[in-house]
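Counting in the numbering used here, the sequence shown runs from 53 upward without gaps.
The structure appears below as structure tokens.
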Amino acid sequence: MNAQHISVFQRLLSGMVCANSALLEKKTIGYKERCDTKRAIYRQALAEKKAAGKTIIYADECGFRAESYRHHGYAPKGTPVLGLVSGERTRTTTLLAARIGSTFTAPCLFDGGCDSACFNAWVETYLCPQLCETSVVVLDNAKIHKTLRTRELIEASGAEILFLPPYSPDYNPIEHDFANIKRLREYKADITIDEIINMYH
């Protein structure tokens, strides 16, 4: 193969690699149960709130296991990467937080799962002091978010609630914060969740 043929071959190969790279983008996973009509209605409602000058506040909770570990590792080719984790059932730590614009705020960390009483205590103590007449609190459809007490607390602050469409966590930006915190924890297993949240916050 002469130099001219090699040059043509390299261009063809480069084109194939670029084409395949475009096809091999990371898959975005969504829930098949979600409803496109409800998602469109939500997007329209959200756009109207923003156009009216409302401040959008996203809130949710996230659970952490007592033990964290990295899901990937590096080793010479052909050598398995082994890691040991506990097989025992461990306690859960819950983080409640909100996102206002680009600000991650009102973090509250406690042992155990989150029920409506815990959620409402957080709303009253951490979230409501940051609410006003122009605030719109976006929540998912978890039962603990739909109690009468939750609505009373938020509306007493002058704010209103906008619920996400079912099976649509991709519409809640705070999910990215939770994912980032969990990722930090995987790589910094020697420090506490509190310290990681303080670093992130």
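Don't be surprised by glycine CBs; every beta carbon is placed ideally from N, CA and C.
Just so we're clear, the structure is a prediction, and the values are computed from it rather than from any experiment.
Item, Value
"Through-space distance from Arg143 to Lys90, alpha-carbon basis", "36 angstroms"
"Meets three-Cβ-pair contact criterion under 8 angstroms: the region 181 to 200 and the region 104 to 120", "yes"
"Alpha carbon of Ala241 to alpha carbon of Tyr252, nearest angstrom", "15 angstroms"
"DSSP-derived helix/strand/coil call for Pro159", "strand"
"Rounded Cβ spacing between Tyr94 and Leu216 (contact assumed at less than 8 angstroms)", "6 angstroms"
"Buried versus exposed call for Asp192 [16 or more other C-beta atoms within 10 Å across all chains shown]", "buried"
"Whole-angstrom distance between Leu148 and Asp167, CA atom to CA atom", "11 angstroms"
"Minimum C-alpha distance to Ile206 - residue among Tyr223, Pro181, Lys106", "Pro181"
"Local Cβ density within 10 Å of Ile243, reported as buried at 16 or more and exposed below that", "exposed"
"Nearest-angstrom Cα separation, counted from Gly164 out to Glu247", "18 angstroms"
"Opposing strand residues paired with Asp112 [DSSP bridges]", "Ala149"
"Same chain, Cβ closer than 6 angstroms to Thr157, five either side skipped, listed in chain order", "Ala150"
"Simplified DSSP state of Thr89, which is helix, strand or coil", "helix"
"Boundaries of the alpha helix (DSSP H) in which Ile213 is found, first to last residue", "Here Ile213 belongs to no alpha helix (DSSP H); instead the beta strand (DSSP E) covers 212 to 215."
"Coarse secondary structure for Ser220, derived from DSSP in three states", "coil"
"Simplified DSSP state of Ala74, which is helix, strand or coil", "Residue confidence is low: Ala74 scores 44 on pLDDT, short of 50, so the model does not pin down where it sits. No coordinate-derived value is stated."
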